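Using our numbering, you'd call the opening residue of the sequence shown number 5 and step up by one each time. C-beta: ideal position from N, C-alpha, C; glycine also. None of these values were measured; they are calculated from a predicted model.
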Amino acid sequence: MVGPNEKERLRRIGILGGLARIKKYGNPGTLDGRRKGGLNSLKTHKKLKTGFQLLKNVKLPTKNEELAEFIGIMLGDGHLSNFQASVTTNSDTDIDHAYYTANLIRKLFGIKARISFKKNKKAVTVVASSIRLVKLINKYGMPVGNKLKMGLSIPEWVIGNKTFQTAFIRGLFDTDGCIYLDHHKIKNKIYKNLG
5 MVGPNEKERL RRIGILGGLA RIKKYGNPGT LDGRRKGGLN SLKTHKKLKT
55 GFQLLKNVKL PTKNEELAEF IGIMLGDGHL SNFQASVTTN SDTDIDHAYY
105 TANLIRKLFG IKARISFKKN KKAVTVVASS IRLVKLINKY GMPVGNKLKM
155 GLSIPEWVIG NKTFQTAFIR GLFDTDGCIY LDHHKIKNKI YKNLG
């Protein structure tokens, strides 16, 4: 058991160690001190080969047909968290579309997306991890977090361009669209319409 005298001795040693660290590397509470600490941390990670990575470089795509389609896909089956962009779909019927989406992310943003199969479920998720990517997709019209609570709308840059509109609807329909035969009866006559 550590007595009161020993606790006081350890406290003094801690203070002296902290002061020595500040003298050597600067005050960690200042911008300059945090910068130095961060640079030293990066050197340590590189030296120890920990696999630590800096923020990924993200290509800034121009507003084009493929980007409009991707935003349609995201508004349909996509999700943005603070750190990841993901699209979840059926692993039996839509696996080709999952690979298409992963390739679209790579082509548009220069980020590699991984494909993850859900165990014991017929679901596959395309995931791209990048804070910068999330911020960029959000800027193009996809909300971060629960998109249904945030309210969805077609981005203005899509509405103003017929080609972008078509591509956006293609992406949205590929993820959330379906075709069905609507049966309804009016005055004892049965009508069938595609819906």
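In the three-state reduction of the DSSP assignment, D96 falls in the coil class.
Beta bridge pairing from DSSP links F121 with V128. Annotation: K191 is outside any beta strand (DSSP E) and is labelled neither H nor E by DSSP. Between the alpha carbons of T93 and E70 lies a gap of roughly 19 angstroms.
L23 and N9 have their alpha carbons spaced roughly 21 angstroms apart. With fewer than three CB-CB distances shorter than 8 angstroms, the segment 84 to 92 does not count as touching the segment 183 to 191.
Note on geometry: alpha-carbon atoms of T48 and Y29 lie some 15 angstroms from one another.
Straight-line measurement puts the Cα of L79 at about 11 angstroms from the Cα of N150. In this structure, DSSP gives G82 an extended state, which the three-state scheme calls strand. Within the same chain, and ignoring the five residues on either side of G37 in sequence, the residues whose Cβ sits closer than 6 angstroms to its Cβ are G30 and N31. Beta-bridge partners of H187 (DSSP): K196. T34 and K40 have their C-alpha atoms roughly 10 angstroms apart. No residue range can be given for F56, since it is assigned to no alpha helix (DSSP H) and is classified by DSSP as neither H nor E.
Sorting K50, K122, V130 and I135 by C-alpha distance to the C-alpha of A102 places V130 at the top. Of all C-beta pairs linking the segment 61 to 68 to the segment 110 to 129, three or more are shorter than 8 angstroms, placing the two stretches in contact.
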